[in-house]
Each structure stands twice: as structure tokens, then as C-alpha cells.
Amino acid sequence: MARCIAIANQKGGVGKTTTAINLAASLAAADCRVLLVDCDPQSNATSGMGIQPESPDASLYQVLIGEVSLSAAIRGTGFSGLDVVPASHNLAGANVELIDADSRETVLKQHLRGASANYDFLLLDCPPALDLLTINALTAADSVLIPMHCEYFALEGITSLMRTMVSVRSGQNPALAVEGILLTMYDSRLSLTGQVAAELREHFGQLVLNTVIPRNVRLAEAPSHGMPAIQYEGRSKGAQSYLELAREILSRARKRLGNTDCSEERPNAIRN
Ligand SMILES: Nc1ncnc2c1ncn2[C@@H]1O[C@H](COP(=O)(O)OP(=O)(O)OP(=O)(O)O)[C@@H](O)[C@H]1O
Ligand SMILES: [Mg+2]
Numbered sequence: 001m002a003r004c005i006a007i008a009n010q011k012g013g014v015g016k017t018t019t020a021i022n023l024a025a026s027l028a029a030a031d032c033r034v035l036l037v038d039c040d041p042q043s044n045a046t047s048g049m050g051i052q053p054e055s056p057d058a059s060l061y062q063v064l065i066g067e068v069s070l071s072a073a074i075r076g077t078g079f080s081g082l083d084v085v086p087a088s089h090n091l092a093g094a095n096v097e098l099i100d101a102d103s104r105e106t107v108l109k110q111h112l113r114g115a116s117a118n119y120d121f122l123l124l125d126c127p128p129a130l131d132l133l134t135i136n137a138l139t140a141a142d143s144v145l146i147p148m149h150c151e152y153f154a155l156e157g158i159t160s161l162m163r164t165m166v167s168v169r170s171g172q173n174p175a176l177a178v179e180g181i182l183l184t185m186y187d188s189r190l191s192l193t194g195q196v197a198a199e200l201r202e203h204f205g206q207l208v209l210n211t212v213i214p215r216n217v218r219l220a221e222a223p224s225h226g227m228p229a230i231q232y233e234g235r236s237k238g239a240q241s242y243l244e245l246a247r248e249i250l251s252r253a254r255k256r257l258g259n260t261d262c263s264e265e266r267p268n269a270i271r272n
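Encoded structure:
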């Protein structure tokens, strides 16, 4: 069974998609089988993996409205071990079209169930909203990975996400856990960054992951080349920090389960 991680924060531009793409690739480089599901109508994870969002092939929208099966929407990528379910802009319509369906909050979970046996990780890239798409992702997920900017209003954003998680736990998904809080675009030269990071660690303790993602131009450039940073510029600090994140997540999974199918030692290797 795959571990399903939703990457969520309703605040925009905090690094959700960058994390989804690069963690997915880093886990795949560690010999894990990974399915990256783009749950955001902006389709940035789709284009960042080099797939045209508006191509006529099946996307998550058709899956959610019951037109095609999930397996029909899964695409291979240029990156070994990493598959993608792409999004397209019409995915925004699913928020409206599903509203009257009894299964409106569980439809994604039902579709992912069939794929779970074929992967070690399912990563769900959420939109910057606590909408029905995000609720579906939180309902399907075992845990939530929360990317956060080290800035003054960081804590405000996380409060409503935590409230939504409490509500999802009290309904469809009582076991929903926090995978971790990930500090992104970390700039150690700024004293504010250090202050906010210290406050977050004091407030959330072990929930804040040890790995921090530095601000790094290669991470911003890679999506325009349609590839993860470890493929675009594997030696960059940004790519290395996501390999480190994969190691930390695998090590936590190992402690939790006693074992994982994929190797914690391997995310240095860049496979293509
Ligand atoms: N560590 C980083 N260093 C430099 N640039 C980054 C980094 N992480 C993300 N970016 C850039 O910041 C912008 C926002 O990142 P990203 O798209 O990952 O955020 P997001 O949370 O998914 O946004 P949205 O809420 O719109 O979906 C992008 O242009 C991305 O390339
Ligand atoms: Mg995004």
C-alpha cells in the first residue's frame, strides 16, 4: 500500500508545487514508485513535469467526473519510477460539478484506492484554497506535508489549514496525520527567517522537518524546462535539499513502519 501525502497550504506561492515535483523525483531516485497527482487547476505540477495541461488526453478532471478510470489518466514521465496524473484548467469546474454528489469529498480517495498497490508514494499537489479539491486530497491522504515560507504572517495561514484538518478528521478521515511542516525559500542571511523558523520550531516542535529548502534559482528555473531540479541541475543546493527531504521522509516512514520497500540510502543517485 502506498503512503498518500497531500501537499497543502491554502496560502499561495509557498512552494507546494515545487515540493511536489522535487520530492516526487527524489523519492523515485531512491527507487520508490511514485505517483504525482496534480489536484490544482493551475496545472503547474503538470507543466513542470513537461506535460501540456491542455492536451486532449485524460486528466484528473475526467477521472473525478467519472468519464475515465484513474489508470487511463496516468502518464509515464522522462523520470524513471515517477508517473503523473495531470490536471487541466477545467479541473476548477469539478469544485462546482461535484457539489451535489454524495461522494463529493471521497471521490478522489475511491479512485486512488486502485492505484495504491502499484506505488510506494502518492503525492497530491493541492491548490492554494481550502476548496473541494483540497478536501478530497485531505480525505484521501494518510498525511499532510505543509510547505511554509519563513515570513511574518506564516502562522496565520497554517491556522485555517489545521482547522480544516480537524474537520476532515472528525468526518471522513480520522487517521489524517501531519507528515511535517517544511520551511521553504529559506534565506539564512535574513534575521527574520531565523526568528520565524525558531518560533515555528518552538510552537510545532517535532512537526517541523529538519530539512529546510533554501531559496535557489535552479528550483525556479527547472519547471520551465519541464523537469525536476535533480534532473535539470542535480548538484544545485535546491536539488540537494529535496534529496535530503526524501531521506528524512523515508527515515520517518521506516521508524513508523519498521521497514519501507524503497531505499533510504539511495537518493543521491540521479536516475533518468
Ligand atoms: N526554494 C525556492 N527557491 C526559489 N524559488 C522557488 C523556491 N520554491 C518555489 N520557488 C518559486 O516560487 C514560485 C511559487 O512556488 P510554487 O509554485 O511551488 O508555490 P505553490 O505554493 O505551489 O503556489 P500556488 O499556491 O500558486 O500553487 C514559483 O515561481 C517557484 O518556481
Ligand atoms: Mg502550486
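All letters in the sequence shown, in the order written, are residues 1 to 272 by the working numbering.
The beta-carbon is built from N, C-alpha and C at its ideal position, and this holds for glycine as well.
Item	Value
What's the gap between the Cα of L155 and the Cα of L176?	20 Å
Leaving out five residues before and five after L219 in sequence, what residues of the same chain have Cβ atoms less than 6 Å from its Cβ?	T18, A229 and G238
Alpha carbons only, please: which of S236, E202, E179 and R201 is nearest the one belonging to E248?	E179
Exposed or buried, P56, counting other C-beta atoms within 10 Å across all chains shown (16 or more means buried)?	exposed
Checking 7 Å against the spacing of the C-beta atoms, do S26 and L243 come in under that value?	yes
Where does N173 sit, in a helix, a strand or coil, going by DSSP?	coil
E105 by DSSP, collapsed to three states: which one?	coil
Span of the alpha helix (DSSP H) holding T279?	Absent from the model: residue 279. The displayed extent of the chain is 1 to 272, so no value can be given.
Below 7 Å between beta carbons: does that hold for A72 and A58?	yes
Just list the residues that DSSP pairs H225 with in beta bridges.	Beta-bridge pairing links H225 to no other residue.
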